[in-house]
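Right, one structure below, let's go through it.
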Amino acid sequence: MAAAIPDNFSWVEKDVLAACAFPSSMENVQYMIDHNIYTLVSLTAEKQVCSDGIMDEFQVIRIPFRDYSPPTLEQVELFLEVVRETKSKARATCVHCAHGLGRTGTMLSCYFVQTKGMTDVDAIAYVRRLRPGSVETAEQEMLVSHFYSYWLQKQTQGEKSASRALVGESETSPY
Numbered sequence: 001m002a003a004a005i006p007d008n009f010s011w012v013e014k015d016v017l018a019a020c021a022f023p024s025s026m027e028n029v030q031y032m033i034d035h036n037i038y039t040l041v042s043l044t045a046e047k048q049v050c051s052d053g054i055m056d057e058f059q060v061i062r063i064p065f066r067d068y069s070p071p072t073l074e075q076v077e078l079f080l081e082v083v084r085e086t087k088s089k090a091r092a093t094c095v096h097c098a099h100g101l102g103r104t105g106t107m108l109s110c111y112f113v114q115t116k117g118m119t120d121v122d123a124i125a126y127v128r129r130l131r132p133g134s135v136e137t138a139e140q141e142m143l144v145s146h147f148y149s150y151w152l153q154k155q156t157q158g159e160k161s162a163s164r165a166l167v168g169e170s171e172t173s174p175y
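Residue numbering for the sequence shown follows UniProt numbering, starting at 1 and increasing by one per position.
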């Protein structure tokens, strides 16, 4: 099968993490396999990627949420864990939504907050330089800001405090 580059495809971290618009053909999936991309993270709630017959070489992880909406912090954490796990196998991950901008850009911004120590503002600006039009709504920007605060708390106060922040508990909660 001939490979075809997916629309709006780019590496955001060479050989670790790529992004694209919805991969609309098996040729797009073949392109990813040919470039050592083992995991495709699909953020689309509206449609699914066809990966029939290639599951031994390729896995699709669905973390769906609505277009123009932000993910939950739990969804961000799941995405980051998928990227870490795939990287540990010396393989790459590709993340997509419909056009590879809003939902995808939001996840990429959170990735750079966590892995490169960027602030929320710097991460969004960096992703927008790499992929113009990324992080499309104020709600998506606010989620990256919330994730930045959560991540700082997790780094400075430990896992237990950050977990409380994740679920909205206070420090004095008896539960």
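A virtual CB, placed ideally from N, CA and C, is assigned to each residue, including glycine.
1. Cβ of residue 10 within 8 Å of Cβ of residue 130?
2. Please classify residue 149: is it buried, with 16 or more other beta-carbons within 10 angstroms of its beta-carbon, or exposed?
3. Considering residue 20, what are the terminal residues of the beta strand (DSSP E) in which it resides?
4. For residue 47, is the classification buried or exposed, using 16 other Cβ atoms within 10 angstroms of its Cβ as the cut-off for buried?
5. Using DSSP with H/G/I as helix, E/B as strand and the rest coil, what is residue 86?
6. Whole-angstrom Cβ separation of residue 13 and residue 33, contact assumed at under 8 Å?
7. Which same chain residues end up closer than 6 Å to residue 123 when comparing Cβ atoms and leaving out the 5 residues on each side of it in sequence?
8. Unbroken beta strand (DSSP E) runs of length 3 or more, entirely within the UniProt domain "Tyrosine-protein phosphatase" (8-156): which are they?
9. Out of curiosity, what's the CA-to-CA distance linking residue 144 and residue 67?
With the structure as the only source:
1. Taking the sequence shown and counting its residues from 1, the one referred to as residue 10 is at position 10. Taking the sequence shown and counting its residues from 1, the one referred to as residue 130 is at position 130. Yes, these two residues count as a Cβ contact at 8 Å.
2. Taking the first residue of the sequence shown as 1, we reach residue 149 at position 149. The residue in question, residue 149, is exposed, as its Cβ has fewer than 16 Cβ neighbours within 10 Å.
3. Counting from one through the sequence shown, the residue named residue 20 turns up at place 20. Per DSSP, residue 20 belongs to the beta strand (DSSP E) from 17-20.
4. Counting from one through the sequence shown, the residue named residue 47 turns up at place 47. So residue 47 counts as exposed.
5. Translated into positions along the sequence shown, residue 86 becomes position 86. Note: residue 86 maps to helix in three-state DSSP.
6. For the purposes of this step, residue 13 is taken as the residue at position 13 of the sequence shown. For the purposes of this step, residue 33 is taken as the residue at position 33 of the sequence shown. Going by Cβ atoms, the distance from residue 13 to residue 33 rounds to 19 Å, so no, they are not a contact pair.
7. Numbered from 1 along the sequence shown, position 123 holds the residue referred to as residue 123. By the criterion of a C-beta distance shorter than 6 Å, residue 123 is surrounded in its chain by 109, 112, 113, once the five residues flanking it on both sides are discounted.
8. 10-13, 17-20, 37-44, 59-65, 92-96
9. Within the sequence shown, the letter at position 144 stands for residue 144. Within the sequence shown, the letter at position 67 stands for residue 67. Near 16 Å, if we compare the C-alpha coordinates of residue 67 and residue 144.
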